[in-house]
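*Asks:* According to the UniProt record's numbering, the sequence shown is numbered sequentially starting from 1.
I have a structure here, written as structure tokens, and I will follow up with some questions on it.
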Amino acid sequence: EAAAGAGAPAPAAKAEEVEAEGDEAGEAEAAVAPAPKASAKPAADGEGGRIKASPLARRIASEAGLDLSGLEGTGPHGRIVKADVEAAIASGAKPAEASKAPGRSDAAPAAEAPKATPAPAQQTGGGYSVAAISAAASAQTRDLVDKLGMPYEAEANNGMRKTIARRLLDAKQTVPHFYLTVDCVIDRLLAVRKELNERAGDGVKISVNDFVVRASALSLRKVPAANAAWTDEAVLRFKDVDVSVAVAIDGGLITPIIRKADTKGLAAISSEMRDLATRARDGKLKPEEYQGGTFSVSNLGMYGIREFSAIINPPQSAILAAGAAEQRPVVKDGALAIATVMTVTLSCDHRVVDGAVGAQFLAAFKKLIEDPLSMLL
1 EAAAGAGAPA PAAKAEEVEA EGDEAGEAEA AVAPAPKASA KPAADGEGGR
51 IKASPLARRI ASEAGLDLSG LEGTGPHGRI VKADVEAAIA SGAKPAEASK
101 APGRSDAAPA AEAPKATPAP AQQTGGGYSV AAISAAASAQ TRDLVDKLGM
151 PYEAEANNGM RKTIARRLLD AKQTVPHFYL TVDCVIDRLL AVRKELNERA
201 GDGVKISVND FVVRASALSL RKVPAANAAW TDEAVLRFKD VDVSVAVAID
251 GGLITPIIRK ADTKGLAAIS SEMRDLATRA RDGKLKPEEY QGGTFSVSNL
301 GMYGIREFSA IINPPQSAIL AAGAAEQRPV VKDGALAIAT VMTVTLSCDH
351 RVVDGAVGAQ FLAAFKKLIE DPLSMLL
């Protein structure tokens, strides 16, 4: 699971109609055509200079913002087919706005499908945006599924799902992730938790995740270099420790924030987290309650996941993924013993958090988790 910092759930869009591209049956499925060359004689059928291209080729080109007028088709009678468009994208051909067909008359424009306006996104070396390449890949997936006759139901992506997808894609494309993992023995933590809950009485139930949030916040205070964000001009060192906590909701994920978590005790963190999680699942969070944060925590331990790595939530520079607590054989004082162990993995943005900084954070975290009474001081 990855914390995406997505916005509150948006109304679902209308379901898309599933369309099949039957005209593409003659196109090769696995063959990769050589990169099409710009041609002084683009594929045209003689009817006012109209470009000959298959419907699927037009659709992929439109979604990628590619001008077909500069391509030479490899299909029957010079027809531009899917492989030609995909090869052009892969070779780094220029987007539509940067290209113009050689030898074309402005009085006879090609009657091709309207071109999509490329969304602002990370650019690749060939001039195409990540969004354009993603759109082409999506069209190819849809075409293959339709061609193979695989039964499915198309569930329209709502605003929240699109936001999550965009942010996760951007994070993996632009943030150089690296990962550090450590095992924490939490038998003492479980004993302290049990005693605190028994003493607190009704209405208070401190969870293991509350300890994780508290330990993360205190570790960031001890290792402030991990509480930062990257910009091209400077690294931003945050003065407050605001911990975003991933919460699964219907159809997605949201990350409500415990503000100034390093100044709050376990009971306060527990109470605030329960309130935020409840309102998150009801879609009642205010934007300021989930936008921002300086560090994230994601916990899949309740699902029995032993360990996992999470995707960083920009502009943050790190996220801690906590797995399930389970009994494992360990060596204590030279003898074999059984202990309750929780594995945590820290995902770091290497532009901001160097390996030594990440290791210092995890060392501080492990010390706090394994000595839970120190978190009560």
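Where is the CB? At the ideal position from N, CA and C, for every residue including glycine.
Computed from a predicted model, the values in this text were never measured in an experiment.
Below 8 Å on the Cβ atoms is my guess for L218 versus D143; work out the distance and round it to an integer in Å.
*Replies:* That pair is no contact at about 52 Å.
*Asks:* What number of angstroms, rounded off, separates the C-alpha of D371 from the C-alpha of T141?
*Replies:* Distance between the alpha carbons of D371 and T141 is about 51 Å.
*Asks:* Shortest alpha-carbon distance to V85 belongs to which of H177, H77 and D67?
*Replies:* It is D67 whose Cα lies nearest to the Cα of V85.
*Asks:* Following the continuous beta strand (DSSP E) through R237, name the residue where it begins and the one where it ends.
*Replies:* Where R237 is concerned, the enclosing beta strand (DSSP E) stretches over V235 to R237.
*Asks:* Which residues does DSSP list as the beta-bridge partners of P329?
*Replies:* Its beta-bridge partners are I338.
*Asks:* Count the CB pairs spanning the segment 278-295 and the segment 228-246 that are closer than 8 Å, and state whether there are at least three.
*Replies:* Because the criterion of three Cβ pairs below 8 Å is met, the segment 278-295 and the segment 228-246 touch.
*Asks:* Measure from the alpha carbon of residue 387 to the alpha carbon of each residue in V247, A363, T263 and R328, then state which is nearest.
*Replies:* Since the first residue of the chain shown is 1 and the last is 377, residue 387 is not available in this structure.
*Asks:* Between the alpha carbons of G201 and A267, how many angstroms are there, rounded?
*Replies:* Spanning the two alpha carbons is a distance of roughly 12 Å.
*Asks:* Exposed or buried, L373, counting other C-beta atoms within 10 Å across all chains shown (16 or more means buried)?
*Replies:* So L373 ends up on the exposed side.
*Asks:* Distance, Cα to Cα, G251 vs A154?
*Replies:* G251 and A154: Cα-Cα distance of roughly 15 Å.
*Asks:* Do the CB positions of V297 and V213 come within less than 7 Å of each other?
*Replies:* Yes, the Cβ-Cβ distance between V297 and V213 is below 7 Å.
*Asks:* So, with DSSP's three-state summary, where would you put N209?
*Replies:* Note: N209 maps to helix in three-state DSSP.
*Asks:* Rounded to whole angstroms, what's the CA-CA distance from L220 to G265? Just pull it up for me.
*Replies:* The straight-line gap from Cα to Cα measures roughly 15 Å.
*Asks:* Rounded to a whole number of angstroms, what is the C-alpha to C-alpha distance between F211 and I369?
*Replies:* Rounded to the nearest angstrom, the two C-alpha atoms are 7 Å apart.
*Asks:* So, with DSSP's three-state summary, where would you put H77?
*Replies:* In this structure, H77 counts as helix in the three-state DSSP scheme.
*Asks:* Apart from the five residues just before and just after M150, which ones in its own chain have a Cβ nearer than 7 Å to its Cβ?
*Replies:* Excluding sequence neighbours, M150 sits near nothing in its chain.
*Asks:* With distances taken from CA atoms, which of K82, P329 and V175 is nearest A337?
*Replies:* When only C-alpha atoms are compared, the closest one is P329.
*Asks:* Could you tell me whether the segment 336-353 touches the segment 157-165, where touching means 3 or more Cβ pairs closer than 8 Å?
*Replies:* They do not touch, by the three-pair rule.
*Asks:* Just how far apart, CA to CA, sit L190 and A325?
*Replies:* Computed Cα separation, rounded: 10 Å.
*Asks:* Could you tell me the alpha carbon to alpha carbon distance between P114 and K147, rounded to whole angstroms?
*Replies:* Because the pLDDT of P114 is 37, which lies under 50, any placement of that residue in the model is unreliable, and the question is left without a value.
*Asks:* Going by other Cβ atoms of all chains shown within 10 Å of its Cβ, with 16 needed for buried, is L346 buried or exposed?
*Replies:* Buried, because 16 or more other Cβ atoms sit within 10 Å of the Cβ of L346.
*Asks:* In chain order, what are the residue ranges of uninterrupted beta strand (DSSP E) at least 3 long that sit wholly in the segment 254-311?
*Replies:* Here the runs fully enclosed are 295-299.
*Asks:* Do you know how far the Cα of A156 is from the Cα of S99?
*Replies:* Note that S99 scores 40 on pLDDT, short of 50, meaning its location in the model is unreliable and no value can be drawn from it.
*Asks:* Please report the distance separating the alpha-carbon of K205 from that of S270.
*Replies:* About 7 Å.
*Asks:* What residue does the beta strand (DSSP E) around D183 start on, and which one ends it?
*Replies:* Element bounds for D183: H177 to V185.
*Asks:* Ordered along the chain, which non-local residues of its own chain (more than five positions away) have a Cβ less than 7 Å from that of L236?
*Replies:* Excluding residues within five positions, the ones whose Cβ falls inside 7 Å are A228 and A229.
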